[in-house]
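Please read the structure below before turning to the comments.
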Amino acid sequence: GPGGGAALENANPLIYRRSGERPVTAREEDDELPDSIDDREIFDILPAGRGEPGRGRAGRAPSAFLNPAHLIRSINDPEHPLTLEELNVVEQVRVKVNDAESTVAVEFTPTIPHCSMATLIGLSIKVKLIRSLPERFKLDVHITPGTHASEHAVNKQLADKERVAAALENSHLLEVVNQCLSARP
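Structure follows, in structure tokens:
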């Protein structure tokens, strides 16, 4: 676990193949056309080198979508040297975006029903979205229904803005979240 030395809860997880890099359309490269945010973009936001960092997108945070650190698919698992995508914890089909209504919903699936890391994983996804998206977006990060023993309690914690803010004031917890969000060498 993140504390080091502890036995892993799921010592031999099933590993999934990463999906390919998302293709960029001509419309997305045209700075004159509006570019709405969709589920594909939340899951696999444009890698660096595409577009021009700093120019921004109409009404959106500059270059937020051009930074490779802003990908939920590449968030690191807190226990394994694998990404959440490689463990099938996050999948593009479980990301729902309504750009017009400024809502993003992400379902995540813990690898085992009693995973004690579920809240930490959800918090990491939520923090990644908070740091990556314009403030206008309302975020809903929750466990895929029926996949975790404590899904209701974890979802309640993740939906509570005050509890999320308090968790991020805990320097140890913030350090663990930042490790989950950091790029692996």
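Each residue of the sequence shown is one higher than the one before, counting from 1 in full-length UniProt numbering. Note that CB positions come from ideal geometry on N, CA and C, so glycine has one too. Bear in mind the structure is a predicted one, so any value in this text is a computation, not a measurement.
Here the region 100-120 makes contact with the region 70-81; the two share three or more CB pairs at distances below 8 Å. Secondary-structure assignment with DSSP links T103 through a beta bridge to N98 and K138. No residue range can be given for V90, since it is assigned to no alpha helix (DSSP H) and is classified by DSSP as neither H nor E. Across the set R184, V104 and N98, the C-alpha of V104 shows the shortest separation from the C-alpha of V141. F108 is positioned such that its CB atom lies closer than 8 Å to that of I125. Here N76 is bridged, per DSSP, to T83. Of the other Cβ atoms in all chains shown, fewer than 16 fall within 10 Å of the Cβ of H152; this residue is therefore exposed. By the neighbour-count definition (other C-beta atoms within 10 Å, threshold 16), P110 is a buried residue. Taking C-beta separations shorter than 8 Å and ignoring five residues to either side along the sequence, the partners of T147 in its chain run T109, P110 and P113, following chain order.
Annotated three-state conformation of I143 is strand, per DSSP. Only exposed fits N178, as fewer than 16 other CB atoms lie within 10 angstroms of its CB.
Apart from sequence neighbours up to five positions away, the residues of its chain that approach L173 with a beta-carbon distance below 6 Å are A167, ordered along the chain.
A check of alpha carbon separations from V89 across L133, E101 and T144 identifies T144 as the nearest. Contact between V154 and G122 holds: their C-beta atoms lie close to 6 Å from each other, under 8 Å.
Between L84 and R73, the CB-CB gap stays under 8 Å. For D160 and L71, the gap between their C-alpha atoms comes out near 23 Å.
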